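Asker:
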Amino acid sequence: AQSVTQLGSHVSVSEGALVLLRCNYSSSVPPYLFWYVQYPNQGLQLLLKYTTGATLVKGINGFEAEFKKSETSFHLTKPSAHMSDAAEYFCAVSRPGTASKLTFGTGTRLQVTL
Amino acid sequence: KAGVTQTPRYLIKTRGQQVTLSCSPISGHRSVSWYQQTPGQGLQFLFEYFSETQRNKGNFPGRFSGRQFSNSRSEMNVSTLELGDSALYLCASRRGNENTEAFFGQGTRLTVV
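Chains A and B, in that order, are what the protein sequence lines are. Mapping of the first sequence onto our numbering: residues 635 to 748, in sequence order. Mapping of the second sequence onto our numbering: residues 404 to 516, in sequence order.
1) Which class does B:L493 belong to by DSSP, given the choice of helix, strand or coil?
2) Could you work out which residue in B:G419, B:T410, B:G465, B:Q409 is closest to B:L486 when comparing CA atoms only?
3) Give the single residue among A:A651, A:G642, A:L655, A:Y670 whose Cα lies nearest to the Cα of A:V727.
4) Out of B:T410, B:C426, B:Y492, B:L513, state which residue places its alpha-carbon closest to the alpha-carbon of B:Q471.
5) Take B:G465 as the anchor and find which of B:H432, B:Q421, B:Y413, B:T410 has the nearest alpha-carbon.
6) Applying the 10 Å Cβ sphere with the 16-neighbour rule, what's the burial state of A:T742?
7) Answer with buried or exposed for B:P428, where buried requires no fewer than 16 other C-beta atoms within 10 angstroms of its C-beta.
8) What's the C-alpha gap between A:S714 and A:F697?
9) With C-beta atoms as the reference, is B:S434 less than 8 Å away from B:E451?
10) When the cut-off is 8 Å and only beta carbons count, does B:R497 lie next to chain A?
11) Mind checking which residues open and close the beta strand (DSSP E) that includes A:N695?
12) Would you please state the rounded distance, in angstroms, between the beta carbons of A:E722 and A:Q672? I believe it to be under 8 Å.
13) Rounded to a whole number of angstroms, what is the C-alpha to C-alpha distance between B:K416 and B:L513?
14) By Cβ distance below 7 Å, which residues in the same chain neighbour B:S489 in space, the five residues on each side in sequence not counted?
15) Taking C-beta pairs closer than 9 Å, name the residues in chain A that B:S436 reaches, listed in chain order.
16) Count the other CB atoms, across all protein chains shown, that sit within 10 Å of the CB of A:Q640; report buried if there are 16 or more and exposed otherwise.
17) So A:G677 contacts chain B; which residues on that side make the cut at Cβ distance below 7 Å?
18) A:K623 and A:F668 look like a contact to me (Cβ under 8 Å); what is the Cβ gap, rounded to whole Å?
19) For a contact defined as C-beta to C-beta under 7 Å, what are the partners of A:T639 on chain C?
20) Please work out which residues of its chain come closer than 6 Å, Cβ to Cβ, to B:E455, disregarding the five sequence neighbours upstream and downstream, and give them in chain order.
21) Quick check on the DSSP output: what are the complete alpha helix (DSSP H) runs of length 4 or more inside the region 411 to 476 of chain B, in order along the chain?
22) Taking buried to mean at least 16 other C-beta atoms within 10 Å of its own C-beta, is A:V663 buried or exposed?
Have a look at this one:
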């Protein structure tokens with residue numbers, strides 16, 4: 635079985651500050667890891683993914699995440715927050731062989747203040 | 404390139420009725436997955452269809468079913484609706500290969516009254 639834990643259902647940062655959204659996973663096999671963003675009344679948009687290879691993954695809109703196997707973590711970061719980053723962020727895991735079956739965390743709502 | 408299209412966007416049904424939701428994937432994509440999103444349970448995987456066959460299935464009752472057509476379009480059906488079925492239903496399409504990205508539609512908001 636696989637699972638995802640996102641620490642902090644709400645995170646608030648000032649515009650220009652570092653964004654750090656935490657994700658820890660549990661998987662019995664090497665996982666595929668994803669970060670998605672959801673704006674109100676919209677579907678999910680992929681920010682970045684890790685499948686194999688380089689553990690530091692760069693995504694869209696200046697986001698990046700690092701796969702740390704020893705810590706079973708895949709935290710999402712962005713050096714400088716913009717107002718447009720305000721949204722809900724979901725970490726997800728899947729596994730080889732059933733890659734389409736994403737298991738999502740409960741989400742973190744990011745608020746960006748002036 | 405057209406994205407994933409889900410219809411209708413909003414739907415209101417009465418308890419006990421049935422409903423059919425539609426998803427048109429991106430051209431060339433052969434895999435369609437369905438997810439249910441609720442405030443209480445979050446995002447949960449329903450099932451995946453690939454080349455007209457159900458390839459993976461989540462832990463939902465048999466009232467939830469789906470199918471895929473030869474053009475890769477997919478439908479999801481929920482019979483005997485319950486109030487708890489009120490949710491945003493999201494469809495995701497993938498090319499079908501192992502590592503490819505899932506593209507999500509905007510969803511269908513189902514309200515059961």
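Just so you know, even glycine gets a beta-carbon here, dropped at the ideal spot from N, CA and C. Here the structure is a predicted model, which means the values were calculated and not measured.
Answerer: On the basis of the coordinates in this document:
1) Your numbering for residue 493 of chain B matches position 90 in the second sequence. Looking at B:L493 - three-state DSSP - the assignment turns out to be strand.
2) What you label residue 486 of chain B is simply residue 83 of the second sequence in a count that begins at 1. Residue B:G419 is the option with its Cα nearest to B:L486.
3) Taking the first residue of the first sequence as position 1, residue 727 of chain A is located at position 93. Here the closest residue by C-alpha is A:Y670.
4) Along the second sequence, one-based indexing puts residue 471 of chain B at 68. That would be B:C426, whose Cα lies nearest to the Cα of B:Q471.
5) Reading the second sequence from its first residue, position 62 is the one you call residue 465 of chain B. Measuring from the Cα of B:G465, the nearest candidate turns out to be B:Q421.
6) For this step, residue 742 of chain A is matched to residue 108 along the first sequence. Flag for A:T742 reads buried.
7) The residue you call residue 428 of chain B lines up with position 25 of the second sequence. So B:P428 counts as buried.
8) Taking the first sequence and counting its residues from 1, one reaches residue 714 of chain A at position 80. Taking the first sequence and counting its residues from 1, one reaches residue 697 of chain A at position 63. Spanning the two alpha carbons is a distance of roughly 10 Å.
9) In the second sequence, the residue the question calls residue 434 of chain B occupies position 31. In the second sequence, the residue the question calls residue 451 of chain B occupies position 48. For B:S434 and B:E451, yes; Cβs fall inside 8 Å.
10) For the purposes of this step, residue 497 of chain B is taken as the residue at position 94 of the second sequence. B:R497 counts as touching chain A.
11) Here the question's residue 695 of chain A lines up with position 61 in the first sequence. Segment: none, A:N695 is in no beta strand (DSSP E) and carries neither H nor E.
12) Residue numbering aside, residue 722 of chain A sits at position 88 when the first sequence is read from its first letter. Residue numbering aside, residue 672 of chain A sits at position 38 when the first sequence is read from its first letter. The Cβ separation is near 5 Å, so the contact holds.
13) Stepping through the second sequence from its first residue, residue 416 of chain B is reached at position 13. Stepping through the second sequence from its first residue, residue 513 of chain B is reached at position 110. Going by the C-alpha atoms only, they are around 8 Å apart.
14) Here residue 489 of chain B is taken as the residue at index 86 of the second sequence, counted from 1. Once the five neighbours on either side are set aside, the close Cβ partners of B:S489 are L513, T514, V515.
15) As a working mapping, residue 436 of chain B is identified with position 33 in the second sequence. The contacting residues are S734, K735, L736.
16) Indexing the first sequence from 1 puts residue 640 of chain A at position 6. Burial call: buried.
17) The residue given as residue 677 of chain A occupies position 43 in the first sequence. Per Cβ cutoff of 7 Å: L493, F507, G508, Q509, G510.
18) Residue 623 of chain A lies beyond the stretch modelled for chain A, which goes from 635 to 748, so this question has no answer here.
19) Checking the listed chains, one finds no chain C in this structure; the protein chains it contains are A and B.
20) The residue you call residue 455 of chain B lines up with position 52 of the second sequence. Closer than 6 Å at Cβ, skipping near neighbours: Q471.
21) none
22) The count along the first sequence starts at 1 and reaches residue 663 of chain A at position 29. By the 10 Å Cβ count, A:V663 comes out exposed.
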